[in-house]
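K.L.:
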Amino acid sequence: MLDLLIVGGGPAGLATAIHAARAGLDVVVAEPRTTPVDKACGEGLMPGAVRALAELGITPPGHPLRGIRYVDAADARQRAEAGFRHGLGLGVRRTDLHAALARRVAELGVPVRPVKVDAVTVRQDTGSVGAAGLTARYLAAADGLHSPVRRHLGLDLPDPRPPRYGLRRHFTVAPWTDHVEVHWSTRAEAYVTPLAPELVSVAILTSERAPFDVQLADFPDLAARLATHTSSAVRGAGPLRQRVRGRVADRVLLVGDAAGYIDALTGEGISLALAGAAQLVRCVREDRPQDYERAWRRASLRHRLLTDTLVRLRVRPQLTRLIVPTAARLPFLFAGLVNGLT
Numbered sequence: 081m082l083d084l085l086i087v088g089g090g091p092a093g094l095a096t097a098i099h100a101a102r103a104g105l106d107v108v109v110a111e112p113r114t115t116p117v118d119k120a121c122g123e124g125l126m127p128g129a130v131r132a133l134a135e136l137g138i139t140p141p142g143h144p145l146r147g148i149r150y151v152d153a154a155d156a157r158q159r160a161e162a163g164f165r166h167g168l169g170l171g172v173r174r175t176d177l178h179a180a181l182a183r184r185v186a187e188l189g190v191p192v193r194p195v196k197v198d199a200v201t202v203r204q205d206t207g208s209v210g211a212a213g214l215t216a217r218y219l220a221a222a223d224g225l226h227s228p229v230r231r232h233l234g235l236d237l238p239d240p241r242p243p244r245y246g247l248r249r250h251f252t253v254a255p256w257t258d259h260v261e262v263h264w265s266t267r268a269e270a271y272v273t274p275l276a277p278e279l280v281s282v283a284i285l286t287s288e289r290a291p292f293d294v295q296l297a298d299f300p301d302l303a304a305r306l307a308t309h310t311s312s313a314v315r316g317a318g319p320l321r322q323r324v325r326g327r328v329a330d331r332v333l334l335v336g337d338a339a340g341y342i343d344a345l346t347g348e349g350i351s352l353a354l355a356g357a358a359q360l361v362r363c364v365r366e367d368r369p370q371d372y373e374r375a376w377r378r379a380s381l382r383h384r385l386l387t388d389t390l391v392r393l394r395v396r397p398q399l400t401r402l403i404v405p406t407a408a409r410l411p412f413l414f415a416g417l418v419n420g421l422t
């Protein structure tokens, strides 16, 4: 019998597999898709994520990031900037990150089975959990934002707030900054992340359902800068916010986006996935799954508080207009918030 069966071979699932293998656990990943898998995301790793990946033996290629810059879409001269105090971040193509994690999993000899786990087939008793013909002491559900395993276990909660969506496109243009730029309009945010000498990622977060080019028009300075450059196809994701009743159901533990998601506003998705993977494996190794919920909450507390606060401001346009001017007026506070999450 396995120690841990991981359902889902995205970054969260693969990070969990790496932690498990390093802890001496017998682990298998169930993932039917061929690596790497692309996904709509901002593609910026904060310094904490870069350090956590390095500790796992992973150094993906990318563009160094020195901080975060907020820009007012209505007046691009209005901006606030905060440098990272504890190392550099990294702009990394999602496919490059996924491929680097997959290589590390292969180096550690972790089997990745090309099987799809149907959530309704997950069965557990007092000593084991099984799915797709595999049996383990525990199962880690790393099956994404709209986790079928989470839904099957009745762990989803309704969300009364307006849904938010993400759209991402790449542009072949030389980066004009070594910061992640967050452009704020009254209806959306646009994240600009340098990825390579001639490539940037632009991710738009919004509650409005409209094509990427229509959304980009809300950011006239950014749209003008990108107008003559070749772009990739658009990838989308959402609704982003996923409320979860809990992250433990007997011998099933949720990790990554499956464990619940607020928003991509603070760019901490990968950092949280890596932290959650480490805590999940610790609880499995100690045979104390009941400790995982508290450990996950403790590891994600600062992120959840800041992200939830920003999302609440976002739905009130009169307050949204104050975000960039306030950050510019109070640079020490802005820098403290940015570095509190890195």
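Every letter in the sequence shown is one number past the one before it in our numbering, and letter 222, counting from 1, is 302. Where is the CB? At the ideal position from N, CA and C, for every residue including glycine.
#1: Is the CB-CB distance between F164 and G147 below 7 angstroms?
#2: Can you tell me whether DSSP reads G356 as helix, strand or coil?
#3: Quick check on the burial criterion: 16 or more other C-beta atoms within 10 angstroms. Buried or exposed for Q370?
#4: Indicate whether L168 and L94 have their beta-carbon atoms separated by less than 7 angstroms.
#5: Please report the residue range of the alpha helix (DSSP H) in which T400 lies.
#6: Could you check what DSSP says for W27 in three-state terms: helix, strand or coil?
#7: Which whole-angstrom value is the C-beta distance of D176 and P144, which I expect to be below 8 angstroms?
#8: Verify the CB distance criterion: does R249 have a CB-CB separation below 7 angstroms to chain D?
#9: For the pair the segment 277-288 and the segment 227-239, tell me if three or more CB-CB distances fall below 8 angstroms.
#10: With distances taken from CA atoms, which of A92, L105 and V253 is nearest L84?
#11: Given a threshold of 16 other Cβ atoms within 10 Å of its Cβ, counted over all protein chains shown, does M81 qualify as buried or as exposed?
#12: Would you check if there are 3 or more beta carbon pairs closer than 8 angstroms linking the segment 344-364 to the segment 373-386?
#13: Report the partner residues of T274 according to the DSSP bridge assignment.
#14: How about R149 and E261: are their beta carbons less than 7 angstroms apart?
#15: Considering only the alpha carbon of each residue, which of G224, R321, R173 and K119 lies closest to G336?
#16: Tell me the DSSP bridge mates of R249?
#17: I want to know whether the segment 211-221 touches the segment 251-271 - three or more CB-CB distances under 8 angstroms.
#18: Mind checking V272: buried by the 16 CB within 10 Å criterion, or exposed?
#19: Considering only the alpha carbon of each residue, which of S311, A303, V391 and P411 lies closest to Y341?
#20: Select from R365, A338, D330 and E366 the residue whose C-alpha is nearest the C-alpha of G424.
#21: Please return the same chain residues whose Cβ sits closer than 6 angstroms to the Cβ of L306, not counting the five positions on each side in sequence.
#22: Helix, strand or coil, according to DSSP, for R365 in the structure here?
#23: Okay, do the segment 310-321 and the segment 233-248 touch, 3+ Cβ pairs below 8 angstroms being the bar?
P.N.:
Looking at the coordinates:
#1: yes
#2: helix
#3: exposed
#4: no
#5: P397 to T400
#6: This structure leaves residue 27 out entirely; the chain is present only between 81 and 422.
#7: Contact doesn't hold; Cβ gap of about 14 angstroms is too wide.
#8: Any reference to chain D falls outside this structure, which holds one protein chain only.
#9: no
#10: Among A92, L105 and V253, the Cα nearest to that of L84 is on L105.
#11: exposed
#12: yes
#13: Inspection of the sequence shows that residue 274 is occupied by Pro rather than by Thr. Answer is V280, bridged to P274.
#14: Taking 7 angstroms as the cut-off, the Cβ atoms of R149 and E261 count as close.
#15: Ranking the options by Cα distance to G336, first place goes to G224.
#16: V282
#17: The answer is no - the segment 251-271 does not touch the segment 211-221, with fewer than three Cβ pairs under 8 angstroms.
#18: buried
#19: V391
#20: A question about residue 424 goes unanswered here, because the residues of the chain that appear run from 81 up to 422.
#21: F251
#22: helix
#23: Yes, the segment 310-321 touches the segment 233-248.
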